[in-house]
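Visitor:
Numbering (this note's numbering), first residue to last: 2 to 807.
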């Protein structure tokens, strides 16, 4: 036979290569029966949302098969097949394939089965495994579409839209989340999440087999044990489903087209709601649930209530005493409380009792997380519920809740918590003498009682004088004596600085952390407003780039706020001090810029309140021990509705050099007002110069116009602080200067949003060209703007409260 032509040899070689390659899966969303997924290869869902492949956790010597979000840092693994049967990291010959019986199998390098889907699957050639855009991995018939198995039926630590948490009464199947053992060990940990089998259901977290946390019952719209239906806990839209014929009862949640969201059970037992907005640089923790100690199941024991607004946190219900005073005084509350006076129906006709003939009644407690283990009766009114309880001697309390109706408790009342807003009403059954000779809920548990404040200026009077009842306070109340001791009686040596609100002192709690205490000792109207802003608004916010509030004190003439202590003080101490600014190299400054931007984005868009700060400046950026930035001082902050574009005020208050033109001139503020302030701050960080004191004499330019002059002349690097000469990145400096100039544009519509800013700071995207800044604060003052109304002096610069917006 003659030799084959070269083209035929090439064609046969290419065909052979394609046949071999079809045996392995690469850059597809599907595995067919003739294919394998090898180490180093992945499946990718059609819209490139999820990816399946082999991975190794950091600092681990084990390899796992898992699913994660594609191209969103940091990597978030949402499902793992072999979490209890890991591969060795050295095993590079492991593979995933469809076995002869139609199951999905994971084989190690020696062909041992490490994991299998283990379901009954028709053995035909049309079976395929597909990774869906929902993150669900399914085994299905490629012709009929029938699904035989899905990974969503076997969740790990992550709850994705479309997943179920619940149970099937007929089959006994339960859909539970289970935590990782440790951060780098995905094997099953101690904590799990599921729902109760009693109706209405509630979410439980169990530590092994012991209740660790519960949400309270579902009333058709919300979980009644979660205090704020419109807040972070409900960023996900929960849906409750009961399918009686199939025997299933479960919760799922709906996907959102605006962002990706998941709920994660952490190895510590905490729960995080995490989201990613399109274009954001990384995941953001939107909410953290399960905050010890009050959220932990039955922290205070039977017939006692936990309140994070109180010190100590546990207190007996009215009419009850600690079961063991010695243990209670030591801070061991698990024994709970016992009834002080026996109920009439429990006296069993003891004629010598002075209470015989005097009926038991009910005392109303408001703002509660209702106790666990309620019996539910479908009665039509609260009065019917009251009669039911009163006619049954074993009934200790009742509540009537919309969507649930009559809830009745017998015996001990477990796992109660006070909320300063929201919550439910509980009617506690008490002996006649405990009611103060009043009946049927005529007395309510007051906030003053719960705080145990006996001074002449109580929390209750502060509510009446300055707050509305709908104004929530989610801070522990600490006694003045505790704070005075911590600060050595506000010793001048402990003074950290002074702002418009008052002086700030460093302190150290006994057996506790270092703290910073802001003190308002004189009752100016402005100080009251600032105090209210901080304790009502900011106490509900949690973000790594916002300073954390730890508590407050309202006692006598004293109003005090307790913050986490920032050992490196404020940014201005470094940036504007010639002897300190060299400690801020460019990577450090760029990290600060990004952190402040993330904090502002959270305030504007990602928090449940949507807040405009209105006083962003260098002295209000605090630095922790690792020089991470935290935005502070929310005394001037205001909430706004997401649909609101502009807000007007007659009282313009802010800081010289940072106020946007529309706010200073007309009293109009919006998110873009904060953007302007951020732009000024950004330019100050780059240059190391203070906007309010910089003046370029040659051309009579302020800092903003000087920055624009150098940028327009393509000499942007000349704007840089000279101390950065050995650490700067030309690209990052130029990009930050460009962004800063866009932020300080005269018209709000020309300024980017904080989401745009974060994207611009972290990418090479093309930005529009800025216009020359034209606004000068000095000009406004010359035109008649006043700075005499309640002048506010900060540590490093003048803060003005201008009399009228025009």
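Where a beta carbon is used, it is the ideal one built from N, C-alpha and C, also for glycine.
Give me the Cα-Cα distance between residue 418 and residue 175, rounded to the nearest whole angstrom.
Guide: Walking along the chain shown from the start, residue 418 turns up at place 417. Walking along the chain shown from the start, residue 175 turns up at place 174. One C-alpha to the other measures close to 29 Å.
Visitor: Pick from 192, 619, 148: whose alpha carbon is nearest that of residue 692?
Guide: Position 691 of the chain shown, counted from the first residue, corresponds to residue 692. Considering only alpha carbons, the answer is 619.
Visitor: Would DSSP call residue 280 helix, strand or coil?
Guide: The residue given as residue 280 occupies position 279 in the chain shown. Coil, per DSSP.
Visitor: Which same chain residues, not among the five before or five after residue 314, have their C-beta less than 7 Å away from its C-beta?
Guide: Along the chain shown, read from residue 1 onward, the residue named residue 314 stands at position 313. Counting only Cβ-Cβ distances below 7 Å, and skipping sequence neighbours, we find 294, 295, 307, 308.
Visitor: Which whole-angstrom value describes the C-beta separation of residue 263 and residue 79, a residue pair presumed to lie in contact below a C-beta threshold of 8 Å?
Guide: Translated into positions along the chain shown, residue 263 becomes position 262. Translated into positions along the chain shown, residue 79 becomes position 78. 7 Å between Cβ atoms; contact.
Visitor: Where residue 600 and residue 657 are concerned, what is the direct C-alpha to C-alpha distance, given to the nearest angstrom?
Guide: Here residue 600 refers to the residue found at position 599 when the chain shown is read from its first residue. Here residue 657 refers to the residue found at position 656 when the chain shown is read from its first residue. Looking at the two C-alpha atoms, the distance is approximately 22 Å.
Visitor: Keeping to the same chain, check which residues put their C-beta closer than 8 Å to that of residue 733; ignore five residues upstream and five downstream.
Guide: Here residue 733 refers to the residue found at position 732 of the chain shown. Only 587, 591 meet the Cβ criterion.
Visitor: Residue 178 and residue 266 - do their beta-carbons sit closer together than 8 Å?
Guide: Reading the chain shown from its first residue, position 265 is the one you call residue 266. Reading the chain shown from its first residue, position 177 is the one you call residue 178. Cβ atoms of residue 266 and residue 178: closer than 8 Å.
Visitor: Go through its chain and collect everything with a Cβ distance to residue 552's Cβ below 6 Å, but skip five positions before and after it.
Guide: By one-based count along the chain shown, residue 552 stands at place 551. If we look at residue 552 and ignore the five residues flanking it on each side, its Cβ neighbours are 476, 477, 479, 563.
Visitor: Helix, strand or coil, according to DSSP, for residue 573 in the structure here?
Guide: Counted from its first residue, the chain shown places residue 573 at position 572. Of the three classes helix, strand and coil, the one that applies to residue 573 here is helix, per DSSP.
Visitor: DSSP beta-bridge partners for residue 189?
Guide: Along the chain shown, read from residue 1 onward, the residue named residue 189 stands at position 188. DSSP lists 181 as partners of residue 189.
Visitor: Please determine, among 67, 715, 750, 302, the residue with the shortest C-alpha to C-alpha distance to residue 41.
Guide: Locating residue 41 in the chain shown gives position 40, where the first residue counts as 1. When only C-alpha atoms are compared, the closest one is 67.
Visitor: For residue 407, which option in 389, 566, 301 has the closest C-alpha, if you only look at C-alpha atoms?
Guide: As a first step, residue 407 must be located in the chain shown, where it is residue number 406. Per the Cα distances, 389.
Visitor: On a Cα-Cα basis, can you pick out the residue from 414, 722, 420, 278 that is closest to residue 759?
Guide: Here residue 759 refers to the residue found at position 758 of the chain shown. Nearest option by C-alpha distance: 278.
Visitor: Please name the residue, chosen from 498, 506, 497, that lies closest to residue 486 on a Cα-to-Cα basis.
Guide: Along the chain shown, one-based indexing puts residue 486 at 485. Residue 506 is the option with its Cα nearest to residue 486.
Visitor: Who are the Cβ neighbours of residue 705 in its own chain at under 6 Å, not counting the five residues just before and after it?
Guide: Residue 705 sits at position 704 when you count from the first residue of the chain shown. Contacts found: 745, 774.
Visitor: Whole-angstrom Cβ separation of residue 342 and residue 320, contact assumed at under 8 Å?
Guide: Numbered from 1 along the chain shown, position 341 holds the residue referred to as residue 342. Numbered from 1 along the chain shown, position 319 holds the residue referred to as residue 320. Contact holds; Cβ gap of about 7 Å.
Visitor: Check each candidate in 603, 641, 640, 660 and name the one with the smallest Cα separation from residue 632.
Guide: Here the question's residue 632 lines up with position 631 in the chain shown. Measuring from the Cα of residue 632, the nearest candidate turns out to be 603.
Visitor: Quick one: which unbroken alpha helix (DSSP H) runs of 4-plus residues sit fully inside the segment 308-362? Chain order, please.
Guide: 326-330
Visitor: Assuming residue 628 contacts residue 569 under a Cβ cut-off of 8 Å, what Cβ separation, rounded to an integer in Å, is found between them?
Guide: Here residue 628 refers to the residue found at position 627 of the chain shown. Here residue 569 refers to the residue found at position 568 of the chain shown. Yes, they are in contact, since the Cβ atoms of residue 628 and residue 569 sit about 6 Å apart, within 8 Å.
Visitor: When you compare the segment 75-95 with the segment 104-121, are there three or more beta-carbon pairs, one atom per stretch, that lie closer than 8 Å?
Guide: yes
Visitor: Apart from the five residues just before and just after residue 106, which ones in its own chain have a Cβ nearer than 8 Å to its Cβ?
Guide: Taking the first residue of the chain shown as position 1, residue 106 is located at position 105. Excluding positions up to five away in sequence, the list reads 97, 98, 99, 100, 114, 116, 117, 118.
Visitor: Within a Cβ cutoff of 7 Å, which residues of the same chain sit near residue 299, ignoring the five residues on either side of it in sequence?
Guide: As a working note, residue 299 is residue 298 in the chain shown. If we look at residue 299 and ignore the five residues flanking it on each side, its Cβ neighbours are 415, 416.
Visitor: Count Cβ pairs between the segment 424-438 and the segment 384-400 that sit closer than 8 Å; are there 3 or more?
Guide: yes
Visitor: Compute the distance between the beta-carbons of residue 582 and residue 722, then report whether it is under 8 Å.
Guide: Here residue 582 refers to the residue found at position 581 when the chain shown is read from its first residue. Here residue 722 refers to the residue found at position 721 when the chain shown is read from its first residue. A contact, by the Cβ cut-off of 8 Å.
Visitor: Using only CA atoms, which one of 226, 685, 216, 162 lies nearest to residue 369?
Guide: As a working note, residue 369 is residue 368 in the chain shown. When only C-alpha atoms are compared, the closest one is 226.
Visitor: Count the other CB atoms, across all protein chains shown, that sit within 10 Å of the CB of residue 579; report buried if there are 16 or more and exposed otherwise.
Guide: As a first step, residue 579 is located in the chain shown; it is residue number 578 there, counting from the start. Flag for residue 579 reads exposed.
Visitor: With a 10 Å radius around its C-beta and 16 neighbouring C-beta atoms as the bar for buried, classify residue 1 as buried or exposed.
Guide: Look at the range of the chain in this structure, 2 to 807, and you will see that residue 1 is not part of it.
Visitor: Whole angstroms is fine: what's the gap from residue 60's alpha carbon to residue 425's?
Guide: Position 59 of the chain shown holds residue 60. Position 424 of the chain shown holds residue 425. The alpha-carbon atoms of residue 60 and residue 425 are separated by roughly 47 Å.
Visitor: Note down, one range per segment and in chain order, each alpha helix (DSSP H) of at least 4 residues found wholly within the segment 552-635.
Guide: 573-576, 587-602
Visitor: Nearest-angstrom Cα distance between residue 223 and residue 205?
Guide: For the purposes of this step, residue 223 is identified with residue 222 of the chain shown, where counting begins at 1. For the purposes of this step, residue 205 is identified with residue 204 of the chain shown, where counting begins at 1. When rounded, the distance between both Cα atoms is 15 Å.
Visitor: From what residue to what residue does the beta strand (DSSP E) around residue 142 run?
Guide: Position 141 of the chain shown, counting from 1, holds the residue named residue 142. Run containing residue 142: 138-142, per the beta strand (DSSP E) assignment.
Visitor: Return the residue from the list 146, 140, 144, 145 that minimises the CA-CA distance to residue 154.
Guide: One-based indexing of the chain shown puts residue 154 at position 153. Closest by alpha carbon: 140.
Visitor: Within 10 angstroms of the Cβ of residue 673, are there 16 or more other Cβ atoms? Answer buried if so, exposed if not.
Guide: Your numbering for residue 673 matches position 672 in the chain shown. Counting the other Cβ atoms within 10 Å of the Cβ of residue 673 gives 16 or more, which makes it buried.
Visitor: Taking 8 Å as the threshold (C-beta atoms), are residue 768 and residue 594 in contact?
Guide: Residue 594 sits at position 593 when you count from the first residue of the chain shown. Residue 768 sits at position 767 when you count from the first residue of the chain shown. Result no, Cβ atoms of residue 594 and residue 768 do not sit closer than 8 Å.
Visitor: Could you check what DSSP says for residue 234 in three-state terms: helix, strand or coil?
Guide: Position 233 of the chain shown, counted from the first residue, corresponds to residue 234. Only weak support exists for where residue 234 lies, its pLDDT of 42 falling under 50; the value from the coordinates is given anyway. If DSSP states are grouped into helix, strand and coil, residue 234 belongs with the helices.
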